[in-house]
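Student: First residue of the sequence shown? That's 1 in UniProt numbering, and the numbers climb one at a time after it. Think of the CB as a built atom: it goes at the ideal place given N, C-alpha and C, for glycine as much as any other residue. This is the structure, below, for whatever I ask next.
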Amino acid sequence: GSLLPGGLSVTPTGAVPSLPHVAMTVASLRERGLAVVEPEPAAAEGERTWLVPAGRPAGGRVAIEPDLSNAGPFLAAALVAGGRGRVLQLYFIFI
């Protein structure tokens, strides 16, 4: 959205069930040098707007934590089709 000529504004029409994910996204954008204008915490539903003005994010290396719950269907498809699948750098810790 920051590469759009006018930037990007996001106004959800209802409740935002994933505010922690929104906060992580805002933090990631700011780490890349982008400005993010957040709504007031007390703003009513439908009146919360996040603004990302136009700008170019800074590059760099980022380690992204995998969401292996989403990998399951793809690994299962390979198994069912008689194929092979491989997940690199997968670690299990049993407690």
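(1) Please go through the same chain and pick out, in chain order, the residues whose beta-carbon is closer than 8 Å to the beta-carbon of G46, but skip the five residues on each side of it.
(2) Can you give me the C-alpha to C-alpha distance between R48 and A23, rounded to a whole angstrom?
(3) When you compare only the Cα positions, how much space is there between S28 and A78?
(4) Classify V10 as helix, strand or coil using the three-state DSSP reduction.
(5) Whole angstroms is fine: what's the gap from A54's alpha carbon to P39's?
(6) On the DSSP letters alone, give me the boundaries of the alpha helix (DSSP H) that L51 sits inside.
(7) At which residues does the alpha helix (DSSP H) containing G31 begin and terminate?
(8) Assuming S9 contacts P57 (C-beta within less than 8 Å), just tell me the rounded distance between them.
Tutor: With the structure as the only source:
(1) T11, P12, T13 and G14
(2) 14 Å
(3) 33 Å
(4) strand
(5) 18 Å
(6) First-last for L51: W50 to V52, but that is the beta strand (DSSP E), not the alpha helix (DSSP H).
(7) Reading off the sequence, residue 31 comes out as Glu, not Gly. Unbroken alpha helix (DSSP H) run through E31: L19 to E31.
(8) Their Cβ separation, rounded to whole angstroms, is 17 Å, which puts S9 and P57 out of contact at 8 Å.
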